[in-house]
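What follows is a set of notes on a single structure, which appears directly below.
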Amino acid sequence: MSKRLIISTPSSNPLEPRIGGAALIGGIADWPESENGSPLVLVASIPNIFISNATGLKLAPELYTSVFSYYSEVDYFLDEITYHGAQDELECLRRGSTRVLQHPLGSTITQSFCIPPYLLELGQFVPESNDCGSRIGAPPCLLQNEVLDLQNTSFALQLRSSDFPQKYSDIFGISDALGYLYLREGSESLDGGLFFVQTT
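Everything in the sequence shown is counted per my numbering, starting at 1 for the first residue and increasing by one.
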């Protein structure tokens with residue numbers, strides 16, 4: 001059963017589960033870029049053990065999951081990150097418009113555009129599968145319940161764009177968009193899952 005996932009207070013500890021802030025990938029991986037060479041935005045940095053404890057997924061406890069997504073302050077970009085079941089949408093994601101890394105702890109690195117870090121905390125159980133706020137643990141609340149090719153991954157959590165701090169409430173293109181994180185259990189590579197957005 002899902003629990004509410006609360007974007008709560010500003011975070012000063014980079015090891016906490018959080019949205020935004022610095023990525024813990026220095027010395028581990030290059031900062032992910034889109035197909036056109038633009039740096040992706042760090043959406044969230046979450047210890048695997050936090051996800052495992054909340055979801056039951058079998059993830060390497062010593063690793064961190066970093067979620068990156070394409071964002072533009074000036075251009076329309078929603079089509080770059082959405083996946084409603086079409087193969088061309090999935091191919092766009094695979095070309096680098098979003099990226100999910102499961103990685104060892106590295107040094108902190110940032111980019112010029114950065115969401116301020118806010119702590120992610122667990123809230124109450126969410127009994128209804130059609131409650132489409134930020135939440136962790138199955139089942140997801142899919143806004144477009146088409147047949148999705150989820151590449152041997154399992155649902156971990158979803159984040160609602162409007163739950164982000166006000167200046168960043170369009171982080172997924174529009175404020176009522178939902179971002180979904182699916183992870184590979186027992187992943188032995190840095191590419192640890194899939195992140196995509198859906199809208200109504």
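C-beta atoms are modelled at their ideal positions from N, C-alpha and C, and glycine is treated no differently.
For clarity, every value in this text was computed on a predicted model and none was experimentally measured.
By how many angstroms is the C-alpha of residue j removed from the C-alpha of residue i?
{"i": "Phe113", "j": "Arg95", "result": "21 Å"}
{"i": "Pro39", "j": "Ile171", "result": "14 Å"}
{"i": "Gln151", "j": "Pro47", "result": "22 Å"}
{"i": "Val197", "j": "Pro127", "result": "22 Å"}
{"i": "Glu185", "j": "Asn130", "result": "25 Å"}
{"i": "Gln166", "j": "Ser189", "result": "35 Å"}
{"i": "Ser52", "j": "Leu143", "result": "25 Å"}
{"i": "Leu122", "j": "Gln111", "result": "28 Å"}
{"i": "Leu181", "j": "Ile25", "result": "19 Å"}
{"i": "Ala177", "j": "Leu105", "result": "30 Å"}
{"i": "Asp75", "j": "Gln158", "result": "24 Å"}
{"i": "Ala54", "j": "Leu120", "result": "12 Å"}
{"i": "Ser154", "j": "Ile6", "result": "21 Å"}
{"i": "Ile136", "j": "Gly179", "result": "12 Å"}
{"i": "Ser187", "j": "Phe68", "result": "18 Å"}
{"i": "Gly21", "j": "Tyr118", "result": "8 Å"}
Residue i: buried (16+ other C-beta within 10 angstroms of its C-beta) or exposed?
{"i": "Pro61", "result": "exposed"}
{"i": "Glu89", "result": "buried"}
{"i": "Phe125", "result": "exposed"}
{"i": "Leu15", "result": "exposed"}
{"i": "Glu80", "result": "buried"}
{"i": "Gly56", "result": "exposed"}
{"i": "Gly192", "result": "buried"}
{"i": "Val147", "result": "exposed"}
{"i": "Thr9", "result": "exposed"}
{"i": "Pro17", "result": "buried"}
{"i": "Pro139", "result": "exposed"}
{"i": "Asp163", "result": "buried"}
{"i": "Gly27", "result": "exposed"}
Assign residue i to one of three DSSP states: helix, strand, or coil.
{"i": "Ala44", "result": "strand"}
{"i": "Ile28", "result": "coil"}
{"i": "Ala54", "result": "helix"}
{"i": "Arg202", "result": "Outside the modelled stretch of the chain, which goes from 1 to 200, sits residue 202, for which no answer is possible."}
{"i": "Gln151", "result": "coil"}
{"i": "Tyr70", "result": "coil"}
{"i": "Gly37", "result": "coil"}
{"i": "Gly96", "result": "helix"}
{"i": "Ile203", "result": "Residue 203 cannot be examined here, being either before or after the span of the chain that is shown, 1 to 200."}
{"i": "Gln166", "result": "helix"}
{"i": "Ser161", "result": "helix"}
{"i": "His84", "result": "coil"}
{"i": "Gln144", "result": "coil"}
{"i": "Leu101", "result": "strand"}
{"i": "Ala60", "result": "coil"}
Along the chain, where does the alpha helix (DSSP H) containing residue i start, and where does it finish?
{"i": "Leu90", "result": "87-92"}
{"i": "Leu78", "result": "78-81"}
Beta strand (DSSP E) containing residue i: first to last residue?
{"i": "Leu120", "result": "118-126"}
{"i": "Ile6", "result": "2-10"}
{"i": "Leu183", "result": "178-183"}
{"i": "Ile109", "result": "107-109"}
{"i": "Leu194", "result": "193-198"}
Between residue i and chain C, is the shortest Cβ-Cβ distance under 8 Å, so that the two count as touching?
{"i": "Ala29", "result": "Within the model displayed, chain C is absent; a lone protein chain is all it includes."}
- Task: Count the C-beta pairs between the segment 50-66 and the segment 75-92 that are closer than 8 Å, then say yes if the count reaches three, no if not.
- Result: no
- Item | the segment 96-105 touching the segment 23-35, judged by at least three CB pairs closer than 8 Å | yes
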